[in-house]
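Residue numbers (the numbering used here), protein chains in the order written: chain U, 1 to 112; chain P, 1001 to 1122.
For each residue, glycine too, the CB sits at the ideal point set by N, CA and C.
Contents: one structure, followed by commentary.
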């Protein structure tokens, strides 16, 4: 059971727009702590995709964007491409006893 | 360009100790605001934080693993290491090392190693 909740899967056709939600609590996202997103292509290591809610590291296309609202965060991907098919994880800081770095369970994005 | 590379045995017997090393190249491990961490991903599951270390030796361990884990750093070799004792099949996973940016509650992993698969089996 992950501290942050993500849908197990989402899908979209090439060129479409999809969003992935990440729901937390008042110990993490709801407390105002930043959310970060990672992309994990099949068989590879996670890659930082979005940091501090809305910021893209150098080299990440602007098709990827992040947003926050209350106890939730969202990752939006516009203009879906086949190479976007991957697992996506959200991560935040958590002030409860479980540990400061918490992840969502991951969302598998399928490009139809 | 900073690179991290995990190394260590791919097979560990139950009840023994898992030992991995992460070699850092392209940058110094003793840099302010950056911590160094171990993470793992059991087969078909999500990411878990095992623990982190600062170049001064200050550590954090996940509460569920704290009694079995030691993370150490060797600044002269630009490496940090993981030891997980008394392993069971539940410790079978891909193990990643990563650099963590930290500024109070802002913590994210900006560089990752490629990962190494560790299987616990007799």
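Listing by chain order, which chain P residues have their CB less than 7 Å from the CB of residue 45 of chain U?
-> Your numbering for residue 45 of chain U matches position 45 in the first chain. Simply 1096, 1112, 1113, 1114 and 1115.
Count the other C-beta atoms from every protein chain shown that fall within 10 angstroms of the C-beta of residue 41 of chain U, then say buried if there are 16 or more, exposed otherwise.
-> Translated into the one-based positions of the first chain, residue 41 of chain U becomes position 41. With fewer than 16 Cβ atoms within 10 Å of its Cβ, residue 41 of chain U is classed as exposed.
Straight-line gap, residue 1123 of chain P to residue 1092 of chain P (C-alpha atoms, nearest Å) | There is no way to answer for residue 1123 of chain P, as the model of chain P reaches only from 1001 to 1122.
On a CA-only basis, which of U:102, U:60, U:68 and U:79 is nearest residue 18 of chain U? Give me that one, please.
-> Numbered from its first residue, the first chain carries residue 18 of chain U at position 18. It is U:79.
Do we get a CB-CB distance below 9 Å when we pair residue 102 of chain U with the residues of chain P?
-> Here residue 102 of chain U corresponds to residue number 102 of the first chain, with the count starting at 1. Closer than 9 Å: yes.
Output, in chain order, the set of chain P residues within a Cβ distance shorter than 7 Å of residue 52 of chain U.
-> Locating residue 52 of chain U in the first chain gives position 52, counting from the first residue. Those are 1106, listed as they occur along chain P.
In the DSSP assignment, what residue or residues form a beta bridge with residue 1048 of chain P?
-> Numbered from 1 along the second chain, position 48 holds the residue referred to as residue 1048 of chain P. Answer by DSSP bridge pairing, in chain order: P:1040.
Residues from the stretch 54-88 of chain U in contact with chain P, defined by Cβ distance under 9 Å | 57 and 87
Ordered list of beta strand (DSSP E) runs contained in the stretch 1047-1121 of chain P, each at least 3 residues = 1048-1053, 1059-1061, 1069-1074, 1079-1084, 1093-1103, 1106-1112 and 1116-1120
Kindly indicate which three-state DSSP category residue 13 of chain U falls into: helix, strand or coil?
-> Here residue 13 of chain U refers to the residue found at position 13 of the first chain. Three-state DSSP puts residue 13 of chain U in coil, outside helix and strand.
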